Every structure is written in C-alpha cells, then in structure tokens.
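Quick notes on the structure that follows.
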Amino acid sequence: MKQKEIQTLVRSVLAEAQVFDGYVIVRAQSRREWSMRLSNGRFERVATGWDSGLGVQAFTRAGAAGFATSDVLEEGVGRKLVEKAIQLAHRNEAIGAKLNLQIWDAPQVKEVGANPSQKVFGEIPLSELEEMVMTLHSRLREAFPEGVWQTSYRQAEEMWCIGRTDGTLVSFVIPRAVLMHQGTVRDNGKAQSTLIHRSGMDATVLFEEIADHVLERKAMDRAEFARFVCSAPQLPSGHYPLIIDYGLAKGLAHEAFGHAVESDHMNESVLGEEGKLRIGLRVARPGVNIIDGPLIGDWAHQPYSSNGLIRQTVTIVRDGVLVAGLGDIFSAEEAGMTVTGAGRAESYGHIPLPRMSNIRLLVDRMLPLIPSEHLMDEVKAVRETLLRHGELREGEKNLLLLGYRGGQVNPKTGDFVFQCEGIIDVSDSNLPIYQPTIFSGKILSALEAIRGGLGEGCYDAIGTCGKGGQSVPSSGGSHRYLLMDADQQVSLGGEHG
Amino acid sequence: MKLVAQLEDLLYQSQQAPKKENLRLSAWRILVHESEAVSVGIKDNSPGSVYTPPSYRQNESGEVFLVWADGTCSQAMVQLPSHNDPEYWYKELEQWRQASYEDPDAAHIPSPKPLPLVEVEDRAIHTIITENDEILFDQVKCWLTDKPSKAKMQGSIQAAWGYRHIRTSTGLTVTYQQSQFVSWFSFDSLIGGGFAKRRLINPQEQKDLWSQVVNRYESMQMEAPTVGPMTQVILAPSMTEDMFRQFIVPNFSGDRVIEGQSAFSKESFLEHTLVFHPQISLSIDPLRPLELGSYLVTAEGVPAERTVLVRDGQLQTPFLRVKDAVRWGAKPTGLPQGTAGLYLKHQAEVPWANALQGVEDGVLVLSVLGLHTQEAVSGSYSLSAPHSLRILKGQIVGRTDVKLTGNFFADLLAPTTKAARSDFNTHPYLIITTGVQTL
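Line by line, the protein sequences are chains A and X.
Using our numbering, you'd call the opening residue of the first sequence number 246 and step up by one each time.
Using our numbering, you'd call the opening residue of the second sequence number -16 and step up by one each time.
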C-alpha cells in the first residue's frame, strides 16, 4: 500500500464511526520486509514479505475501551471492525472497567512525515543486495576461518497512518535496516558465540560496510575475544569498580531505568510513589543525565506516537535529579507527568504502550578517549587513560565488561540483571580475561555508582523491547565507556555448585 | 476468494502454463492460517483497562515456498491483497522470482503420506468465538472477586480458533480446524500461573491452579531463612520450560547441529553420546490430544510423529526439518512448537506433592531475571532469582532471594537430579544441585 492509499483507508474507517457517540482511534500499517541469512558460505534463506492491517480502538462516552483488528482488508472490513470495537467497549463498560477519558484531551495533529531514507525500499534490487551480503559474508569467513559464521541482513519499511475522531490524521514512514554477523568459536572443548551488528535506515548500511569493513573488523576482534573467553577462568563473585561499554550502558539506561519512568508502570515502579513519578528525586550523582527521544537515521526512530501525537525528546534525569517521565496520552496525567507522545506499538494489531525510543546516558565528567581500530588496542587505551587520570584503584580489580547480551529488570523491586560477552581486568597490565557472569543489583544503586564517562557518545546500540509481549525496536547508548564505583548493591557473578 | 484458493490457482498455473518461461515452477508449498481470537485482560486490578481492553482479532495470512524450473528457491510471506488489481499476484510472482536463491537441499517437497488422527480442536472454543464469549468475561470477574485482597492483579484470557491449510505440488491438500486457549494471571507481578492448551481449562484445573498460586503468594509474604551451600534448587515447571527454550531447543535444532552452531556435534548424535543422566529421556510428541504442541502435519507437509531426541541419556537425533533431513540423510522428524511438544521424562519421576515432602533444604525457583541473555551453546547460566520460595523439611516456609550459577547440561547429566510431575504443565519440576547463593 502507498501512503495515500493508507490515508484513504483510515479516512473511510473514521467515516464509518461518525455515528458513534464516543471516540475512535484508527491505526493502519503497511509493512514490507526483505531478509536473508547466510551460513557457512551458503544462503540459508531469502524471504520477502509484506503485511497490512487495520486496528480500531473505540471508547464509549464514559471512557471504556474495546479493540478490533484485521489483516483481511476486504470490502466492509472497516465497518466490521468499528462495530466490533464499539460492541466490546460497551461490554467492557458493563464489567466495570477502569474508565479513561484522556483521549478527548489529545491535541489535534494533521501531519504527513517525509520518508527519511536515503535509498528507498526497492531502489536497490534484491539480487544486488544478495550479492553484497554474500561478498561481506565470504570476506569474513576468509579472514577468520576458525569461526562458524552466520550473516543476516534485514531491511523493512513501515508505513503508518493514525486517524482519530477529532480529525487527527498523521502518517509517516519508518525505514530500518540491519546487517549482523554471528560467530561461534570453540577452544578447549568449549564454545562461545558473539553477535555484532551495524544498523541504519536502508541499504546504505551495506554500501558503507563494503567501503570501510568496520563491522568485519569488529566481528573478527569479538570472535578472537570469544575464543579467549572459552578457556578463561571464572571471576569470584563480588562488588567491583566497573567499566561498562556503551552497549551495556544502553541496557542499564533502558532496562534498569527507562522502564521505571514509563507512565503505565507508576503503580508498580520503584520510581513511583502512590502512583506518581517521584519528580525531584535524586537518582544519581550531579552531572548524570538521561535523555530519550527519536534520532533520524536510528534503528528505533519513530517521529510520532502510535496514538497520533508528536514524539518528544525528554530529559528524564538532569544533573542527577529525576525531572520527567515517558508519558502517553492515557496514563501520563495519572502518573503525575507530562504527555510526551511515548505510545509505541509493534503493529496495528497491538495496543500502544509508553515506551522508549533512543535512550542515552551521559555524564558531564568525561575523560577523552580516541577510539582504536581494534578491540584490544582500545582496551589498552582505556587502561592508559584511567592510569593517567588516577582512576585505577590500587590493589583491586577494575573490570571492563564487554558486549551487551541483553538484560531484564523488575521495575517494581528495582532488581536488574545484565549479561556481557566477557570481562577484562584493566588494573592488571596483562589484561587477563574472565568468563562472562551476571551483572546484577538494584537500579538506583547502579545509577548512584556512575562516576564518569570515557570517550564521546555512541548511540547506536540496538535491541528489541519486549514490554507487554510486543517486539518494538529500541536503541541508545552512552559515552564509549561508563565508569562505575564498587557498590554493595551491585554485584558480579556467582559461584558454581 | 480465500487466500489459499488464490495461491493454489496462481502456483498451479505457474507450474503448468506460466505467463513467462522464467516464471515456471517445478514445485511449491503453501501454508495459510485463518484465525479469529477474542481476549480480555486485567491491569492493576482493573478489567479491560485502556491497555488491556477486550479485543477481537482476525487474521488470514501465510507463506509460500517455491522451487523454480532452474532449481532455485524462493520464500515469501503472503496476505490477501488490499485492492482489486488483476495483476497483483503476477507482480508478486515476479518479485519472488527476483528473490530466488540456490539451496538444493531445500528444493524438496515431500510426497503426501497418511496423516495421524490428532485431536487439536475444542468445539467449545469455536462457540466462544462465534456465539458467546461470556465465559471469558465471567472468568475475569471471578478472578477479581477471589484474589487476595492486597494483591495487585494482572491477567489475560485468550481464545482462538481457525483453520490451517497446507497444500503442496506433490498432491497434499489438508485443511483442518484448530483451537487454542491461553490464560495467565499474576499477583504484584511477582508470582503467577498460567494454562495453555488447545482446549478450555476445566473448572477443577482452574480451581487447583488458583489455589496453588494463592498459597504461594501468601508464603511469599513471609521472610525465610537464607540458603546454604547444600540447598537443593527446584525449578518450577515454567522455569524448566524457560530453560528448555534457552538451552534445549537451539542445541537440538538440526540446522544448528549441521552448521556446527550447537553444543552437540553431528558425530555425537551418530555415536549416541551420553549427554544426560541415563534415567532421562527427551522427546517430541505432537500426537498428544489437545496439547499446544500438537498438530497433524508440519508446515512442510510432513505428518506428525513422535521423535526421541535423547533416550536413556544418549543422543538420538536432533529435530530435522525437510532440508535438514536431506543433509542429515534421514527422514524429517516431529517438530516442537517453541517449547510446546517437548517432553522430558525421568524414570524416577514422582508427583510434585510427594517430591516436596522429600525436600529437607531447598529453594523453589519460580522465575529468574535474564535467562534469555545466557550463552545457549555452553549451557552455562548465571542468574538472579529474587522472590523464590524457601523449602525446609518438606514445607514452603517463605520468600528468599537467590542467585544461581551452573550449567544446564551438567544439571541434566548429574545423578543427583530428580524430576517431579506437575498437574498443570507438561514440563516437570527439576530438582537439581547447582550453585546457589543469597542475592
């Protein structure tokens, strides 16, 4: 479907709902995707696909909601979905649902967002993309034959249109692309894998990689590191001064902090009190800032909320103090925060939830670091910089955690866990490597432990946010590395039985 | 005209009389799902909140796999076109052709074989979808009435019913109805229970599940003594399932074994290497009536059959899709649907109530944080499990927070590992000796 067609569809569904004495939000989405996966020099899969669909969220005059969706866009589907959603909304009212009238206060928005991609979807034929990905995959296999390599490339284009009873009509296009190398290495009878990626909006990602091979070098460095990790010793569990890379810092900001300031979570958030965000609470040392907002060209870019509001860039923590949350139209007021257009959904078939886009954690106190071409050179540079600035603690391990493998948090209790690919002790000039181990603790303690940044900001750490059972692209970052003091509420590791 | 019929026409024509010779197909396969679902949720003690409203979903989509006359393949996701363009499918075919790639091992469409009779549809769910969904709303009301007064409850119930169509150029034409019922609830987002099968939960099952979760929630309100180095760890069935998802499914996937990306090599399967304790077997069983992992035929047209992956601790076979089977030199096997359809059997398995009585010093782990971040190939884990339940002298005595460190493959190999049957879940409790510390 084209942008004009999708707008026409949404207008026609809104017209069906005109007689309804309530409020309706119509979301239509058309998505195209090309993906391919290569394994050990052969194509495992090349797939094309598209899907389109419609979601109708209806509210009774009293504020009870019902929802109906379909991907069968045949004649009369709009009417059917409007009727279903209204019927369910009335039944919801009858069972004593919590009523919500906030949508009536949403500002009217009429905007058409331009497609920000440099190479529009389909401009580079699929056969050419296949050739480029095969070239990159083959080069990597030749350069690091000891590894078992899988390469994947995925590009998608999502076209959205959101219309509302108040005349709001917002349509926009989100392009995204990612190239990934996954390597498995073995040593000493043990196996480790590593996964790295390069993301952007479109096939430009491939052209850039063909030109500079940045991802290839990273893949080789990470595979080499993984090989050392295979036979590395385990770290005794404990509380250590830490240096975390920006991927882990993104994880900390996203999992351990961002979710706790989303407006629908305030009743169960460690940063909420009696359902309200604890604005004014000191959560970190002075000089620590956390910002969330869409960045053009980024994996998680989304300029409008899935409720048809403009997405704002929000400073959540300024100078160590909690100053704002991520609020959507439905729960921001109740959570004591401003509506920031934070509602995002996986697709037309999902209810939007308040979510992050690109979240970055920045510190005023930054030590300069010139990025190195190779991983271990950079680790040496980290050690030298820390020594030069008197930041290495005598007689204790200073552990550099590399490679974000994901994490999880319980926003109610403030417990978090993260996993990395491996650990290096930079206090030792031999730079000994240790097995990855759990990095866990309390989120407020982890924030309080941040004492500085190393290097300029890097915001391209990507992931998929699984909140509410949906899968929505997320991203973010920090300085190239973050420095954290040892804290009794933040620990590394456990011991085998 | 239904999607499956449109696709059949298109692919049959492209095989027999294509518009262009380069669009000639030598073989093809179609999978289409048609489904309708109704759901209702609870958020923060409120039924049908703005984030969990009663919902209706309709879906008709699928995928095609094509083998062109030159032997190359294409795969595509498909949906009914949104407008009346007579050239629509022809344009799609051209794009699929453009996306073709060489994969000789995949270019094989199995011949039809007799299908087993497997019960995968509960007509009561069809009635909910088409006539009366009051039962779902009643259940939500009942939960909210009966819940512990101080608990903040979240929950969801979903009933789904639909058709599954499989067509192949070798003559397989199968359409059958299937249903699904999934319900879950939790208190304070700390403790919960769930049910997922192809049939409705019956009142006794609902009652027993509710009692178990409420009792555990009440135990959670009491602080318990911390764990010691000799404390046994008991993985609740949902935790066992999570461990399977992280460590078993990827390492028993045929493509990963063949490509050297599994914990186990092809040779280790051929040599029947002992990897689990001899009392443990692991199988895929898609024939069990009304289980979520049950089906009649795979998406590739292979009839459902039981497959033993590990017998008496020894590797037998990974699960093999058609392409993997060609490369392996064996028949395709049964397939798990995620973790559904996977069954672990311990020869000395006992009911959970009996096993609990025998635990002198243990901790029941209901959930962990960060399991999905663990290295699947190594089997190693390092996890935090806040809000676990302490067991002393056969009784659950309260809550404790622990950290687990170990290796799941080592756990399954250890002679000290035992299993206990759950009344609500097809996965067992696993009683293991692993690294456990106070969090």
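From the three backbone atoms N, C-alpha and C, an ideal C-beta is built for every residue, glycine too.
Predicted, not measured: the structure shown is a model, and the values here were computed from it.
Chain X contacts from the region 391 to 405 of chain A (Cβ-Cβ distance under 9 Å): Taking 9 Å as the Cβ-Cβ cut-off against chain X, the residues of the region 391 to 405 of chain A that qualify are 393, 395.
Near residue 742/A, what residues of its chain come up, given a Cβ to Cβ distance below 6 Å and the 5 sequence neighbours on each side ignored? In the first sequence, counting from the first residue as 1, residue 742/A sits at position 497. In this predicted model, residue 742/A has a pLDDT of only 46, less than 50, meaning its place in the structure is not dependable; the value taken from the coordinates is given anyway. The answer is none, since no qualifying residue turns up.
Is the Cβ-Cβ distance between residue 684/A and residue 737/A less than 7 Å? As a working note, residue 684/A is residue 439 in the first sequence. As a working note, residue 737/A is residue 492 in the first sequence. Yes, these two residues count as a Cβ contact at 7 Å.
Would the region 32 to 49 of chain X count as touching the region 60 to 75 of chain X if we require 3 or more Cβ pairs under 8 Å? Touching, yes.
DSSP puts residue 178/X in a beta bridge; with which residues? To locate residue 178/X, count along the second sequence from 1; it is residue 195. DSSP, once it has assigned bridges, lists 166/X as partnering residue 178/X.
Exposed unless 16 or more other CB atoms sit within 10 angstroms - verdict on residue 710/A: If you number the first sequence from 1, residue 710/A lands on position 465. Per the 10 Å Cβ criterion, buried.
Which term fits residue 260/A, buried or exposed, when burial requires 16 or more other beta carbons within 10 angstroms of its beta carbon? Residue numbering aside, residue 260/A sits at position 15 when the first sequence is read from its first letter. That one is exposed.
For the pair the region 167 to 187 of chain X and the region 270 to 287 of chain X, tell me if three or more CB-CB distances fall below 8 Å. yes
Of all the CB atoms in chain X, is at least one closer than 7 Å to the CB of residue 345/A? For this step, residue 345/A is matched to residue 100 along the first sequence. Yes, residue 345/A counts as interfacial toward chain X.
Taking DSSP as the reference, what is the three-state secondary structure of residue 357/X? Within the second sequence, numbered from 1, the residue matching residue 357/X stands at position 374. Coil at residue 357/X, not helix or strand.
Supposed contact pair residue 264/X and residue 209/A - C-beta distance, whole angstroms, cut 8 Å: Because chain A in this structure spans residues 246 to 742, residue 209/A falls outside the shown range and cannot be described.
Can you pull the chain X residues whose beta carbon is under 8 Å from the beta carbon of residue 575/A, in chain order? Within the first sequence, residue 575/A is the residue found at index 330, counting from 1. Those within 8 Å of residue 575/A in chain X are 33, 34.
Proximal chain A residues relative to residue 353/X, where beta-carbon distance stays under 8 Å: As a first step, residue 353/X must be located in the second sequence, where it is residue number 370. Result: 651, 652, 653, 662, 663, 664, 683, 685.
Can you name the residues of chain A whose CB is closer than 9 Å to the CB of residue 85/X? Within the second sequence, numbered from 1, the residue matching residue 85/X stands at position 102. Close partners of residue 85/X in chain A (Cβ separation under 9 Å): 287, 288.
Counting pairs of Cβ atoms below 8 Å between the region 297 to 317 of chain A and the region 26 to 41 of chain X, do you hit three or more? Result yes; three or more Cβ-Cβ pairs closer than 8 Å.
Pick from 486/A, 319/A, 532/A: whose alpha carbon is nearest that of residue 668/A? Within the first sequence, residue 668/A is the residue found at index 423, counting from 1. For residue 668/A, the nearest C-alpha among the options comes from 486/A.
Here's a check: name, in chain order, each residue in its chain whose Cβ is nearer than 6 Å to the Cβ of residue -14/X, leaving out the five neighbours to either side. Walking along the second sequence from the start, residue -14/X turns up at place 3. Once the five neighbours on either side are set aside, the close Cβ partners of residue -14/X are 15, 43, 63.
So that I know if they touch, is there some Cβ in chain X lying closer than 7 Å to that of residue 742/A? Numbered from its first residue, the first sequence carries residue 742/A at position 497. Residue placement at residue 742/A cannot be trusted, given a pLDDT of 46 that sits under 50; the coordinates are not used to answer.
Residue 464/A beta carbon less than 7 Å from that of residue 441/A: Translated into the one-based positions of the first sequence, residue 441/A becomes position 196. Translated into the one-based positions of the first sequence, residue 464/A becomes position 219. Yes; because the gap between Cβ atoms is below 7 Å, this pair is in contact.
Quick check on residue 5/X: does DSSP put it in helix, strand or coil? The residue given as residue 5/X occupies position 22 in the second sequence. Correct three-state label for residue 5/X: helix.
Can you name, in chain order, every residue of its own chain whose Cβ lies under 6 Å from the Cβ of residue 607/A, other than the five neighbours on each side? Looking up residue 607/A in the first sequence gives position 362. Cβ within range, chain order: 534.
Coil, strand or helix - residue 108/X by DSSP: Position 125 of the second sequence holds residue 108/X. Of the three classes helix, strand and coil, the one that applies to residue 108/X here is helix, per DSSP.
Chain-ordered residues of the region 224 to 244 of chain X with a beta carbon less than 8 Å from chain A: 238, 242, 243, 244
Against residue 105/X, what residues of chain A qualify as contacts under a CB-to-CB distance less than 8 Å, listed in chain order? By one-based count along the second sequence, residue 105/X stands at place 122. Those within 8 Å of residue 105/X in chain A number zero; the least Cβ separation is about 23 Å.
Decide if residue 370/A is buried, meaning its Cβ has at least 16 other Cβ atoms within 10 Å, or exposed. Position 125 of the first sequence, counting from 1, holds the residue named residue 370/A. By the 10 Å Cβ count, residue 370/A comes out exposed.
If contact means a Cβ-Cβ distance below 9 Å, which residues of the region 34 to 57 of chain X contact chain A? 34, 35, 36, 37, 38, 39, 40, 41, 42, 43, 44, 46, 56, 57
In chain order, what residues of the same chain have a beta carbon less than 7 Å from the beta carbon of residue 730/A, not counting five sequence neighbours either side? Walking along the first sequence from the start, residue 730/A turns up at place 485. These residues qualify, in order along the chain: 486, 694, 696.
Cα-Cα, which of 299/X, 238/X, 260/X is closest to residue 254/X? Mapped onto the second sequence, residue 254/X falls at position 271. Residue 299/X is the option with its Cα nearest to residue 254/X.
Answer yes or no: does any C-beta atom of chain X fall closer than 7 Å to that of residue 366/A? Here the question's residue 366/A lines up with position 121 in the first sequence. Not one chain X Cβ lies under 7 Å of residue 366/A.
Can you tell which of 520/A, 704/A, 713/A, 284/A has the C-alpha that lies nearest to the C-alpha of residue 443/A? Taking the first residue of the first sequence as 1, we reach residue 443/A at position 198. Residue 443/A has its Cα closest to that of 704/A, out of 520/A, 704/A, 713/A, 284/A.
Leaving out the 5 sequence neighbours to the left and right, which residues in its chain are closer than 8 Å to residue 287/X when beta-carbon positions are compared? Here residue 287/X refers to the residue found at position 304 when the second sequence is read from its first residue. Excluding residues within five positions, the ones whose Cβ falls inside 8 Å are 98, 99, 101, 269, 270, 277, 278, 279, 280, 281, 317.
How would you label residue 725/A, buried or exposed, when you count the other beta carbons within 10 angstroms and need 16 or more for buried? Position 480 of the first sequence holds residue 725/A. Residue 725/A is buried by the Cβ-count criterion.
Please return the same chain residues whose Cβ sits closer than 8 Å to the Cβ of residue 399/X, not counting the five positions on each side in sequence. Here residue 399/X corresponds to residue number 416 of the second sequence, with the count starting at 1. The residues are 415, 416.
In or out: residue 336/A buried (at least 16 other Cβ within 10 Å) or exposed? By one-based count along the first sequence, residue 336/A stands at place 91. Buried is the call here.
Among residues of its own chain, excluding the 5 on either side of residue 716/A, which ones have a beta-carbon nearer than 8 Å to its beta-carbon? Locating residue 716/A in the first sequence gives position 471, where the first residue counts as 1. Around residue 716/A: 591, 709, 710.
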